[in-house]
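*Asks:* Dropping a structure here in structure tokens format, bear with me for questions.
In this note's numbering, the protein residues as written are 68 to 203.
Here's what the structure looks like:
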């Protein structure tokens with residue numbers, strides 16, 4: 068229920084903006100990790116003199132590749148969830164975008180990772196006209 072609580076506390080527009088900033092932060096991390104991975108692979112060709120240093124660079128490149136994969140996946144998950152809710156954030160009756168209060172949300176555990184995609188829906192009420200609908 069963390070997403071619903073954050074939207075309730077911050078408001079949808081600020082929550083959405085924050086999700087975009089955080090997800091693009093993960094994109095930057097993934098890009099930097101990709102650069103480290105490629106630099107490690109390139110450096111392995113020149114470091115055949117010392118086995119220890121070669122293994123250190125290989126482990127560093129593998130760690131950078133793992134970090135890149137995790138950050139890329141996190142970027143995609145956060146961006147997809149923010150876009151899914153943003154597509155439905157317009158009130159069907161008065162067409163006000165992002166001006167609503169959270170009424171209910173799909174039950175989820177506090178320790179659910181963002182990759183679980185929960186909540187899949189949030190029930191909201193428009194601040195302008197009082198109409199109720201579900202996001203997601």
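Where a beta carbon is used, it is the ideal one built from N, C-alpha and C, also for glycine. What you are looking at is a predicted structure, and each value in this text was computed from that prediction instead of being measured.
Provide the residue span of the alpha helix (DSSP H) that contains residue 82, from first to last.
*Replies:* Residues 79-113.
*Asks:* Taking only three categories from DSSP, how would you classify residue 166?
*Replies:* Residue 166 falls in the coil class under three-state DSSP.
*Asks:* Taking the beta strand (DSSP E) that residue 192 belongs to, which residues open and close that run?
*Replies:* Start and end: 189-193.
*Asks:* Can you give me the Cβ contacts of residue 82 inside the same chain, cut-off strictly under 7 Å, excluding the 5 residues immediately before and after it?
*Replies:* The residues are 73 and 74.
*Asks:* What residue range is occupied by the uninterrupted alpha helix (DSSP H) comprising residue 154?
*Replies:* Residues 118-154.
*Asks:* Please report how far the alpha carbon of residue 156 lies from the alpha carbon of residue 91, in whole angstroms.
*Replies:* Spanning the two alpha carbons is a distance of roughly 21 Å.
*Asks:* Excluding the five sequence neighbours on either side, which residues of its own chain have a C-beta within less than 8 Å of the C-beta of residue 104, listed in chain order?
*Replies:* Here the set comprises 128, 131, 132 and 135.
*Asks:* If I measure Cβ to Cβ from residue 163 and keep anything under 8 Å in the same chain, skipping five residues before and after, which residues do I get?
*Replies:* 157, 193, 194, 195 and 196, listed in sequence order.
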